[in-house]
Each structure stands twice: as C-alpha cells, then as structure tokens.
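What follows is a set of notes on a single structure, which appears directly below.
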Amino acid sequence: MAKDTKITNCVVSCDTHSKFVLEQLAAKLPDAEYAPESFPGLVYRVAKPKASVLVFSTGKLICSGTKSLDEAKSAVKAALKNFREIGMTISDKLNTEVVNIVASSDLGSPIELNNIIFNLDNCEYEPEQFPGVVHRIETPKTVFLIFSSGKIVITGAKSVKHLEDAILVLEKELKKIKVL
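Shown next as structure tokens:
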C-alpha cells in the first residue's frame, strides 16, 4: 500500500429513532448552533473527541471531523450522552453507518498526470480549474485526487479495508500503464 496513508476525516450517520426539538437543544446546549433560516439542522460541537455533529429533528445525526471510525462513534456517543443529560429522551436502539472515509497518502514518486488521462478510463483533468486528476474506480467504489507530486486524496471509502483495497487497485492501474 502507498506509504504514509492517513485518515483525515470520517463521516458517520446515526439514526436515533427519536425526534428532537432543535430549539430546545439549542437553548440548553452551549456548544450548539441553530439557525433554521439558513440550515435545517443544529450544529453541535463535541470537544473530545473533537467533532461536529449535525442534528436533525428526525433524530438523524451526521458526525464529521474525526480521524478514525472509533473517534466518530465516540463523538456520537458523547453527543447523545449530553442530550440525555439535559433531559432529552433518546432510544437505546441506534443505527450507525459509515458514510465516508477521507484519507491522504503518497505514492512515493512524481506522477505524469497526462499519462494517466490518456491511458486510464474514468478520469477528469482540467488543470486550469484544479491541479489534480480526478479518478473514479468502481470496485471498491472510491474517488481519487491524484497530484503530480505523487500525493493522493481518497474519498468514498466505507471502511479501512475498503480504503486499503482502493489504494491497491490504483497502484495496480498505475503500474499497468507504467506511470508508477
């Protein structure tokens, strides 16, 4: 696998099977921001682990900003604990799922981006608008941003294994066209 792979953001959704009155949450939680005229959800900041949790009246939560899946799940638990402490009734039945893992890595050598564009399918490259190639792979379904320095950003992974498998697929594709 590429060296120095580092998860930079995990996004997890959670259905609490409860309804929330966002005005009440906003009034009782000092770390909450609620501006319904600009966004239908409440933004709740969790200090440890550091994360942002979007809270919707339907009882759905979206947690982002953590560096691991364990941190994301801990942030959701911390938010729900704080909600219960101010009197909110929340079901113990939670459906949590990984929405997206974002990571960065280094392929270890400079990459000739034009070679990728001419030799790989599912690529977009408009250097006037963005300095990297956008490359989509189907299995596992992920999107790569590939830069001439050899640095990459991976989005769309649903697990660490999914992330690792995607990087291996990319490396195999790049070796096949002799770019890596």
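Heads up, the sequence shown is in my numbering, so the first residue is 2 and it goes up one at a time. Positions of the beta carbon are idealized from the N, C-alpha and C atoms, including for glycine.
Check your understanding: Are the CB atoms of residue 147 and residue 168 nearer to each other than 8 Å?
Key -> As a first step, residue 147 must be located in the sequence shown, where it is residue number 146. As a first step, residue 168 must be located in the sequence shown, where it is residue number 167. No, the Cβ-Cβ distance between residue 147 and residue 168 is not below 8 Å.
Practice item. Could you check how far apart the C-beta atoms of residue 96 and residue 32 are, in whole angstroms? I think they sit under 8 Å. Key: Against the sequence shown, residue 96 aligns to sequence position 95. Against the sequence shown, residue 32 aligns to sequence position 31. Actually they are not in contact, since the Cβ atoms of residue 96 and residue 32 sit about 24 Å apart, beyond 8 Å.
Check your understanding: Which residues in the same chain have their Cβ closer than 6 Å to the Cβ of residue 19, if we skip the five residues on either side of it in sequence?
Key -> Stepping through the sequence shown from its first residue, residue 19 is reached at position 18. Excluding residues within five positions, the ones whose Cβ falls inside 6 Å are 60, 91, 92.
Check your understanding: Near residue 76, which residues of its chain fall below 7 Å by C-beta distance, leaving aside the five closest residues on each side in sequence?
Key -> Your numbering for residue 76 matches position 75 in the sequence shown. 47, 50, 52, 54, 64, 67, listed in sequence order.
Exercise for review: Can you tell me which of 143, 71, 44 puts its alpha carbon nearest to the alpha carbon of residue 155?
Suggested key: Mapped onto the sequence shown, residue 155 falls at position 154. Residue 143 is the option with its Cα nearest to residue 155.
Exercise for review: Starting from residue 152, follow the beta strand (DSSP E) in both directions and report where the run begins and ends.
Suggested key: Here the question's residue 152 lines up with position 151 in the sequence shown. From DSSP, the beta strand (DSSP E) with residue 152 extends over 152-158.
Check your understanding: For residue 151, which residues from the same chain have a beta carbon less than 7 Å from its beta carbon, with the 5 sequence-adjacent residues on both sides left out?
Key -> Walking along the sequence shown from the start, residue 151 turns up at place 150. The residues are 107, 108, 109, 110, 111, 112.
Exercise for review: Leaving aside the five residues before and after residue 159 along the sequence, list all residues of the same chain whose C-beta is less than 6 Å from its C-beta, in chain order.
Suggested key: Numbered from 1 along the sequence shown, position 158 holds the residue referred to as residue 159. Closer than 6 Å at the Cβ level, and outside the excluded window around residue 159, lie 99.
**Study point:** For residue 26 and residue 84, believed in contact at Cβ under 8 Å, the rounded distance
**Key:** Here residue 84 is taken as the residue at index 83 of the sequence shown, counted from 1. Here residue 26 is taken as the residue at index 25 of the sequence shown, counted from 1. With a Cβ gap of about 7 Å, residue 84 and residue 26 count as contacting.
Check your understanding: Short check: CB of residue 11 to CB of residue 70, under 8 Å?
Key -> Counting from 1 along the sequence shown, the entry for residue 11 is found at position 10. Counting from 1 along the sequence shown, the entry for residue 70 is found at position 69. In this structure, residue 70 lies closer than 8 Å to residue 11 by Cβ.
Check your understanding: Would you report the Cα separation of residue 126 and residue 21, rounded to the nearest angstrom?
Key -> By one-based count along the sequence shown, residue 126 stands at place 125. By one-based count along the sequence shown, residue 21 stands at place 20. Those two C-alpha atoms are separated by around 44 Å.
Point to revise | Element boundaries [alpha helix (DSSP H), containing residue 75] | key: Position 74 of the sequence shown, counting from 1, holds the residue named residue 75. It spans 70-86 - the alpha helix (DSSP H) in which residue 75 sits, taken as one unbroken run.
Review point. Does DSSP classify residue 165 as helix, strand or coil?
Key: Residue 165 sits at position 164 when you count from the first residue of the sequence shown. Helix, per DSSP.
Review point. Thinking C-alpha only, which one of 105, 157, 162, 137 is nearest residue 7?
Key: Mapped onto the sequence shown, residue 7 falls at position 6. Closest option to residue 7, Cα to Cα, is 105.
Exercise for review: Please confirm whether residue 138 and residue 180 have their CB atoms less than 8 Å apart.
Suggested key: Residue 138 sits at position 137 when you count from the first residue of the sequence shown. Residue 180 sits at position 179 when you count from the first residue of the sequence shown. It is not a contact, given that the beta carbons lie outside the stated cut-off.
Practice item. Using a threshold of 8 Å, state whether the C-beta atoms of residue 74 and residue 13 are closer than that. Key: The residue you call residue 74 lines up with position 73 of the sequence shown. The residue you call residue 13 lines up with position 12 of the sequence shown. Yes. Within cutoff.
Check your understanding: With C-beta atoms as the reference, is residue 43 less than 8 Å away from residue 34?
Key -> For the purposes of this step, residue 43 is taken as the residue at position 42 of the sequence shown. For the purposes of this step, residue 34 is taken as the residue at position 33 of the sequence shown. Yes.
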